[in-house]
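A quick write-up on the structure given underneath.
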Amino acid sequence: MGKPTGFMEFEREAVPYRDPIERLNDYDEINTTADEGHLQTQGARCMDCGVPFCQSANGCPIDNLIPEWNNLVYQKRWKEAIDRLHKTNNFPEFTGRVCPAPCEGSCVLGITNPPVTIKNLENTIINRAFDEGWVTSEAPGERTGKKIAIVGSGPAGLAAADQL
151 MGKPTGFMEF EREAVPYRDP IERLNDYDEI NTTADEGHLQ TQGARCMDCG VPFCQSANGC
211 PIDNLIPEWN NLVYQKRWKE AIDRLHKTNN FPEFTGRVCP APCEGSCVLG ITNPPVTIKN
271 LENTIINRAF DEGWVTSEAP GERTGKKIAI VGSGPAGLAA ADQL
C-alpha cells in the first residue's frame, strides 16, 4: 500500500493534455509530463483495497497489478514497477495510451472522491523505463527450429508473438 492515509491527504491531479491547437502542428505526445513528486503523491492515493476492483473484470481487461505498481511508484522503486507492469502487459507503451482506463472507473476511491490517476502512472512507468534503458529486446534462450504464424498484428497478436 502506498501511504495509508494518502487518499485522504492528497487530491487527484491528472497530468493534463497539451493544448489541441498546439497539437495540430506536430505528431508529438499529447500528454504533458509530470515531476516525480507529483507522481509519488498520486501513487500514494491508492488505498490497496481488500478487493481491488481496478484489476477485476470491471476494471483492467488485462488484469494489471495496479495497486502493486502504484505502491512501487510511491516508494520510488521505478525498476520494480516496470517489472511488475510487464508481468501482465507485454506492451504498456501503447496499451496504456489507447486504453480508455476502465480501471479508473472501477477504483473504489472513486465512490467518494476522484479516482487514482492510474493511466498517468502507467504511462510514466513505461516512459521512464525506456528513458533509463530498462526495456530491451530479448533473444530466445534457444532456437527450436520450429516456425509459427500469427494472424493479426494488433496488441493480442503481438503479445502472442512476444510470449512464443
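Whatever position you read off the sequence shown (first residue = 1), add 150 for my numbering. Where a beta carbon is used, it is the ideal one built from N, C-alpha and C, also for glycine. Predicted model only: the values in this text are computed from it and were never measured.
Residue from Phe244, Cys257, Leu308 whose Cα sits closest to the Cα of Met197: Position 47 of the sequence shown holds residue 197. Ranking the options by Cα distance to Met197, first place goes to Cys257.
Among Asp178, Gly187, Leu174, Ile216, nearest to Pro265 - alpha-carbon criterion: Position 115 of the sequence shown, counted from the first residue, corresponds to residue 265. It is Ile216 whose Cα lies nearest to the Cα of Pro265.
Inter-residue CB distance, Ile268 and Ile232 (contact presumed, cutoff 8 Å): Working through the sequence shown from its first residue, we reach residue 268 at position 118. Working through the sequence shown from its first residue, we reach residue 232 at position 82. About 15 Å separates the two Cβ atoms, so there is no contact after all.
C-alpha distance - Cys96 paired with Gly307, whole-angstrom precision: The requested residue 96 does not occur in the structure, where the chain is confined to residues 151 to 314.
Alpha carbon of Gln192 to alpha carbon of Ala251, nearest angstrom: The residue you call residue 192 lines up with position 42 of the sequence shown. The residue you call residue 251 lines up with position 101 of the sequence shown. Each residue's alpha carbon lies about 16 Å from the other.
Extent of the continuous alpha helix (DSSP H) to which Gln190 belongs: Mapped onto the sequence shown, residue 190 falls at position 40. Where Gln190 is concerned, the enclosing alpha helix (DSSP H) stretches over 186 to 194.
Whole runs of the alpha helix (DSSP H) within the stretch 221 to 255, excluding any shorter than 4 residues: Annotation note: the stretch 221 to 255 contains the following uninterrupted alpha helix (DSSP H) runs of length 4 or greater, listed N- to C-terminal: 228 to 238, 242 to 248.
Contacts around Gly241, its chain only, beta-carbon distance under 7 Å, and the 5 residues preceding and following it disregarded: What you label residue 241 is simply residue 91 of the sequence shown in a count that begins at 1. The amino acid at residue 241 is misidentified as Gly; the sequence shows Phe. Pro305, Leu308, Ala309, listed in sequence order.
Own chain partners of Lys226 with C-beta closer than 8 Å, once the 5 adjacent residues on each side are dropped: Working through the sequence shown from its first residue, we reach residue 226 at position 76. Excluding sequence positions up to five before and after Lys226, its CB lies within less than 8 Å of the CB of Glu186, Gln190, all in the same chain and listed in chain order.
Coarse secondary structure for Asn273, derived from DSSP in three states: Residue 273 sits at position 123 when you count from the first residue of the sequence shown. It is helical.
Alpha-carbon spacing of Pro154 relative to Asn221, whole angstroms: Within the sequence shown, the letter at position 4 stands for residue 154. Within the sequence shown, the letter at position 71 stands for residue 221. C-alpha separation (whole angstroms): 10 Å.
Outcome for Val223 when other beta-carbon atoms lying within 10 angstroms are tallied against a minimum of 16: Taking the first residue of the sequence shown as position 1, residue 223 is located at position 73. Under this definition Val223 is a buried residue.
Span separating the alpha-carbon of Arg195 from that of Asn273: For the purposes of this step, residue 195 is identified with residue 45 of the sequence shown, where counting begins at 1. For the purposes of this step, residue 273 is identified with residue 123 of the sequence shown, where counting begins at 1. Between Arg195 and Asn273, the C-alpha separation is close to 17 Å.
Residue closest to Asp213, alpha-carbon to alpha-carbon, out of Gly260, Asp178, Cys253, Trp228: Taking the sequence shown and counting its residues from 1, the one referred to as residue 213 is at position 63. Measuring from the Cα of Asp213, the nearest candidate turns out to be Cys253.
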